[in-house]
Structures are given as C-alpha cells and as structure tokens.
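**Student:** Here it is: the structure, laid out below.
Numbering (the numbering used here), first residue to last: 2 to 251.
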C-alpha cells in the first residue's frame with residue numbers, strides 16, 4: 002500500500018509500543034511462534050492470526066484486517082448496510098449528556114439483542130473506493146464502523162472539541178489522497194477510532210509533535226459508542242437514539 006507501513010514493520014512497531022516480544026505475543030494470541038515470526042519476516046498474516054492478535058494488542062480484530070490490507074471478514078463487519086443508518090445524533094447526545102450517563106448509554110447499546118447476520122454489513126457507496134494509501138486506510142477504518150463521509154466529519158468535529166470541521170467531500174479527499182493527512186487530522190481520526198494515536202501515526206510514517214492539542218475529554222466515550230453501535234440494526238439504533246436524547250436531557 003503506497004505511503005503505508007508494511008504489516009510486518011507495523012506489527013514490530015506495535016509490539017515495541019507495548020513492550021512485547023514475539024514469544025510472549027504468540028503465546029498470548031494462541032499462535033505458533035514460527036507463524037508469527039514468518040509474518041515479522043514479511044509473510045502475509047493469516048485470518049486466524051489476525052483474529053488472535055487483536056485482543057492481545059488491544060485493537061479490534063476488524064481493524065487489524067484493514068491495517069494488514071486484507072478484506073474484513075463478513076462476520077466482523079457492521080450488521081447493516083442500510084444507507085439511512087447514522088450514528089451522528091447519538092454521538093451529539095453523547096457529547097452533551099452528563100458524564101455519569103455515558104456509561105448508561107453504552108450499557109443500553111450493549112443490551113440490544115444480537116440479530117442474525119445476513120451477509121456483509123457496513124457502508125457500501127460507489128464513491129467509497131480509494132487508491133492504496135494512508136488516507137485510504139483511515140477511511141476504510143471509519144467505514145468498518147459504518148461511518149459515511151458525513152458521519153466521519155461530524156465525529157471528527159466532536160472528538161477534537163470543534164477544532165476540526167470538515168466537509169464530507171474533504172473527508173473523501175483524505176481517502177483519495179488529495180487532502181493531506183496532517184498530524185492533527187491523524188490524531189483526530191485516532192480519537193474517533195479509539196486507536197492509540199502513535200499506532201495510527203506509525204502506519205503512515207507520521208511524527209506527532211509533542212505540542213499537539215489534546216482531544217476532547219469525551220473522545221474515548223464517543224469512540225466506544227461508535228464502535229458498539231456498529232452491531233445495531235437501523236431500528237435498534239433509533240431506539241438507542243431516543244435513549245441518548247433522554248440521557249442528554251433533550
């Protein structure tokens with residue numbers, strides 16, 4: 002992938018960030034040490050290995066597939082492809098509700114029953130097609146959360162406390178490589194994705210300055226809501242939106 006760290010180098014970087022050696026990582030992931038070493042030596046990771054590495058590295062397995070440049074398995078994609086599905090109102094309510102109510106909202110999302118999956122879920126728009134590159138990976142990670150360009154723009158605005166305010170087309174430009182992924186943008190994406198900023202920056206070979214403005218104090222809760230909501234159908238999301246409005250006293 003152009004402009005993107007190869008997965009073997011990225012995995013070594015992630016291991017370094019977490020102070021894990023290959024023996025510890027392979028044991029914790031239930032992987033054969035030789036298989037892990039082969040990946041570190043440049044071999045493409047298997048589906049089984051990526052699924053096992055996710056929890057150990059503190060990353061979602063679905064994200065590891067994107068970072069490895071592999072298709073996300075159907076069972077790891079969002080539940081629905083409904084084009085009217087949008088978590089943005091719930092994100093807004095998360096930002097304005099009292100701190101103690103955000104945990105109640107997450108509990109309400111997780112309490113929704115799991116539905117039977119029918120094929121592949123997630124955003125599926127003709128314009129969600131990108132040439133290989135770091136910006137494409139950023140957008141694929143958001144699409145793995147069922148976020149469209151518009152939803153991504155609103156989420157970036159929320160987690161950065163209003164510092165980043167982009168149009169939907171500008172977000173699309175990031176995916177297409179026509180808009181630069183600046184350090185501040187990368188940190189914002191890391192915030193809405195719930196991925197450590199230095200992990201995401203390492204993927205694109207980007208150095209994050211020490212004086213980068215912090216994310217909004219509620220960014221982690223917003224990222225959790227976005228991730229958990231991807232398992233909801235449109236009808237379930239509508240129920241959750243009503244709950245979020247109540248918890249936000251709106």
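Backbone N, C-alpha and C define an ideal beta-carbon position, used for all residues, glycine too.
(1) Which residues bound the alpha helix (DSSP H) around residue 141?
(2) Going along the chain, which unbroken runs of the beta strand (DSSP E) with 3 or more residues stay wholly within the region 139–184?
(3) Within 10 angstroms of the Cβ of residue 119, are there 16 or more other Cβ atoms? Answer buried if so, exposed if not.
(4) Closer than 8 angstroms is the cut-off here; do at least three beta carbon pairs connect the region 46–53 with the region 63–77?
(5) In this structure, does DSSP put residue 248 in helix, strand or coil?
(6) At 3 residues or longer, and completely inside the region 189–231: list those beta strand (DSSP E) runs for me, N to C.
(7) Would you tell me roughly how many angstroms separate the C-alpha atoms of residue 165 and residue 35, rounded to the nearest one?
(8) Measure the Cβ-Cβ separation of residue 77 and residue 204 and say whether it is below 8 angstroms.
(9) Does residue 1 pass the burial test, meaning 16 or more other C-beta atoms within 10 Å, or should it be called exposed?
(10) Can you name, in chain order, every residue of its own chain whose Cβ lies under 8 angstroms from the Cβ of residue 228, other than the five neighbours on each side?
(11) The alpha helix (DSSP H) with residue 25 in it runs from where to where?
(12) Hey, residue 174 and residue 180 are a contact pair by Cβ (cut 8 angstroms); roughly how many whole angstroms apart?
(13) Does DSSP put residue 104 in a helix, in a strand, or in coil?
(14) Let's test the definition: count the other Cβ atoms within 10 Å of the Cβ of residue 27 and tell me whether it reaches 16, buried, or not, exposed.
(15) For the alpha helix (DSSP H) containing residue 38, list its first residue and its last residue.
(16) Going by other Cβ atoms of all chains shown within 10 Å of its Cβ, with 16 needed for buried, is residue 128 buried or exposed?
(17) Given this structure, state the Cα-to-Cα distance separating residue 93 from residue 43, to the nearest angstrom.
**Tutor:** The structure says:
(1) Per DSSP, residue 141 belongs to the alpha helix (DSSP H) from 135–144.
(2) Inside the region 139–184, DSSP marks no whole beta strand (DSSP E) run of 3 or more residues.
(3) exposed
(4) In this structure the region 46–53 touches the region 63–77; the number of beta carbon pairs closer than 8 angstroms is three or more.
(5) Here DSSP, grouped into helix, strand and coil, assigns residue 248 to helix.
(6) As far as the region 189–231 is concerned, it has no whole beta strand (DSSP E) run of at least 3 residues.
(7) 44 angstroms
(8) Between residue 77 and residue 204, the CB-CB gap reaches or exceeds 8 angstroms.
(9) The first residue shown for the chain is 2 and the last is 251, placing residue 1 beyond what the model contains.
(10) 61, 146 and 195
(11) It spans 23–30 - the alpha helix (DSSP H) in which residue 25 sits, taken as one unbroken run.
(12) 4 angstroms
(13) Here residue 104 carries a helix assignment [DSSP, helix/strand/coil].
(14) buried
(15) 34–41
(16) Residue 128 should be labelled exposed.
(17) 42 angstroms
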